[in-house]
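> FYI, in numbering that gives the first Met the number 0 the residues of the sequence shown are 0 to 581.
Backbone N, C-alpha and C define an ideal beta-carbon position, used for all residues, glycine too.
Note that the coordinates shown come from a computational prediction; the quantities given were computed from them, not determined experimentally.
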Amino acid sequence: MSLLVVGLSHRSAPVSVLERASLSVDAQLKLVQDTVAAEPAAEAAVLATCNRIELYADVDKFHAGVAELSTLLAQHSGVGLEELTPHLYVHYEDRAVHHLFSVACGLDSMVVGEGQILGQIKDSLARAQDLHTAGRLLNDLFQQALRVGKRAHHETGIDRAGQSLVTFGLEQLSAGADVQQWARGKKALVIGAGSMSSLAAATLARAGVTEIVVANRTFERAERLAQILSEGDDTDVLARAVPMDSVPGELTRADVAVSCTGATGLVLTADAVAATVEGRTGEPAARVAEGPADEAGATGVRDGRPSAETPLPGAGTAAGDENCPLDLSSVSSVPSGFSVMGEAAVAGLDAATLEQHGAWAAGGTAVERTREPGRPGPEADAELITALAATATRSGRIPERRRPEPVAEVPRPQPVLFLLDLAMPRDVDAAVHRLAGVRLVDIESLADASADAPMAADVDMVRRIVADEVAAFGAAQRAAHITPTVVALRSMAAEVVAGEIARLEGRLPGLDDKHRAEITQTVKRVVDKLLHAPTVRVKQLAAEPGGAGYADALRTLFDLDQETVASVSRAGNSTEKNRGPA
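(1) Where residue 490 and residue 560 are concerned, what is the direct C-alpha to C-alpha distance, given to the nearest angstrom?
(2) Express the C-alpha separation of residue 475 and residue 416 in angstroms, rounding to a whole number.
(3) Which of the three DSSP states, helix, strand or coil, is assigned to residue 185?
(4) Could you spell out the range, first to last residue, of the alpha helix (DSSP H) harbouring residue 1?
(5) Per DSSP, residue 418 forms a beta bridge with which residues?
(6) With respect to the beta strand (DSSP E) encompassing residue 215, which residues constitute its N-terminal and C-terminal limits?
(7) Cutting at 6 Å between CB atoms, please list the residues of its own chain near residue 243, excluding the five before and the five after it.
(8) Count the other CB atoms, across all protein chains shown, that sit within 10 Å of the CB of residue 128; report buried if there are 16 or more and exposed otherwise.
(9) Please confirm whether residue 208 and residue 89 have their CB atoms less than 8 Å apart.
(10) Start and end of the beta strand (DSSP E) containing residue 89?
(11) Express the C-alpha separation of residue 225 and residue 219 in angstroms, rounding to a whole number.
(12) Since residue 130 contacts residue 28 with CB under 8 Å, what's their CB separation in whole angstroms?
(13) Near residue 114, which residues of its chain fall below 8 Å by C-beta distance, leaving aside the five closest residues on each side in sequence?
(14) Within the chosen definition, does the stretch 250 to 266 reach the stretch 186 to 202 through at least 3 CB pairs nearer than 8 Å?
(15) Note down the Cα distance separating residue 488 from residue 529, rounded to an integer number of angstroms.
(16) How far does the beta strand (DSSP E) with residue 588 in it reach, from first residue to last?
(17) Considering only C-alpha positions, which residue in the set 26, 102, 44 is nearest to residue 76?
(18) For residue 46, which of helix, strand or coil comes out of DSSP?
(19) Which of the three DSSP states is assigned to residue 78 in this structure?
(20) Should residue 102 be labelled buried (16 or more other beta-carbon atoms within 10 Å of its own) or exposed?
(21) Tell me the rounded alpha-carbon separation between residue 170 and residue 94.
(22) In its own chain, which residues sit with a C-beta less than 7 Å from the C-beta of residue 18, not counting the 5 before and 5 after it?
(23) What residues match up with residue 427 in a beta bridge as DSSP calls it?
(24) Spatial neighbours of residue 496 within its chain, please: CB distance less than 8 Å, with the 5 preceding and 5 following residues excluded, ordered by chain position.
(25) Going by the DSSP bridge assignment, what does residue 55 pair with across the sheet?
(26) What separation, rounded to the nearest whole angstrom, lies between the Cα atoms of residue 437 and residue 418?
(27) Return helix, strand or coil for residue 434, following the three-state DSSP convention.
(28) Below 8 Å between beta carbons: does that hold for residue 250 and residue 238?
(29) Check whether the Cβ atoms of residue 20 and residue 83 sit closer than 8 Å, and answer yes or no.
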């Protein structure tokens, strides 16, 4: 059997795909159960966070395992296999171990070095143990991953390289200002009472907010979190709980709101947030032309559909306008739309054509410009633009080859409401990015902000720890692989000794107990000494790379029964399945 992981994360998939592929707790449990019921897998566990979904399994066939795990992920996530496959990554054996250890240390997190992932790994293992889908391999793997993560945080300064997603999100909300000063005196609304929401509430309390209101679908959990916040020794925040239907009213009183629920639909719509802003300012919330890079804010797409509020350039004009070098009707469903600004200014699209299209989209007149010798004609430009649109259709994003000309940003008023959305799928409508007077930070904008975050030198130390631990884990697993064979060999030797002693007693019926015991001990010592050196040495050899064949050699040399060896392995696995997390 071999370790296999199939998954997708913020590094391999856009947030829109992660959002749709996110799994509820019930879906995670069903996925694990269906995985072990499938032919290639003997053990399974799911690691699902706000920015990753990974399925770990012990499989007996690599290709069949990849196909089966990918299909199961697609079925349970609701995202078609053809759409999901380009975003999946596969790790096998030592690479799979290396991946999980890196994840546990925070090296693969959206915010490098964050420690919340350790709790999520622990929860993942606990669920697999409760379902009896974690055997020896996954128990050893996940528990060792927890130890490696703790070691990395204890022995290095990885904590200085990163922070929790909550802290990073609050820094983005404060737009570079000191979070303590920014939060002091503010009133906060926390929607949800799970681990991430609880962390957000505690972080806000320590930052100095004066009041925290907790809303949750299960009111008792909201009350419990509010009580914990009120009784905290390190803060004097006023905390209270409200039911979920009180959120709209509480939002009008809050300065900052953090949402992280398991809801499958939106918790805060753009209209609800706009009404809140209007209630505060006395004026309708204006909508800006373009916001941060989000589906609805920058591209006019919401929930995978073009938004009527943000038409593509040239909307309202006939798609066949002879002055337009691009048939916009053919790309009306492009996930990221087509913009005259920013990402559309790429290599292969010359400035003259870009200006022509911009003039047409703005309702002006296309202007023919004199072309330099050797420059492609209009037909070639039209082909390039069509190819550009096709690229956007496939990847959801138009790749930049050169920096666009700087564009003056439209000034936005100071926010009167700050929103932090840490849910996956999102709780807050991405169209809120376009509302003046609101600053929204969500998973996608956090991913963009963290992409350029500097990495501390301690990260290199953590990578070395991971490499050492992967090597040690591999050696231990290879050594453990031969253990059932060694146990079976010693059991066979014990049976031979017992049989020979019984035969001796038949030949010497007058043998007294003292002599019988001495003879028995002598024979056992002889057998143990003969087996000691070979069994110790074979364990050492098996721990080395390529040492898996020594178990087969041992079985062949001593004519060991395969079923006896397998029964020892099953007995070992049965004792491993219910071990608690480290």
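With the structure as the only source:
(1) 11 Å
(2) Rounded to whole angstroms, residue 416 to residue 475 spans 54 Å at the Cα level.
(3) coil
(4) Where residue 1 is concerned, there is no enclosing alpha helix (DSSP H), although the beta strand (DSSP E) it sits in stretches over 1 to 8.
(5) Per DSSP, 256, 439.
(6) Boundaries of the beta strand (DSSP E) around residue 215: 210 to 215.
(7) Non-local C-beta neighbours of residue 243 in its own chain, meaning closer than 6 Å and more than five positions away in sequence, comprise 214, 216, ordered along the chain.
(8) buried
(9) no
(10) 88 to 91
(11) About 10 Å.
(12) 6 Å
(13) The answer, listed in chain order, is 105, 148, 152, 158, 163.
(14) Segments in contact, yes.
(15) 12 Å
(16) With the chain covering only 0 through 581, there is no way to say anything about residue 588.
(17) Nearest to residue 76 by alpha-carbon distance, out of 26, 102, 44, is 26.
(18) strand
(19) coil
(20) buried
(21) 34 Å
(22) 423, 424, 425
(23) 267
(24) 519, 522, 523, 526
(25) DSSP lists 4, 44 as partners of residue 55.
(26) If you take the alpha carbons of residue 437 and residue 418, they lie about 7 Å apart.
(27) Three-state DSSP puts residue 434 in a strand.
(28) no
(29) yes
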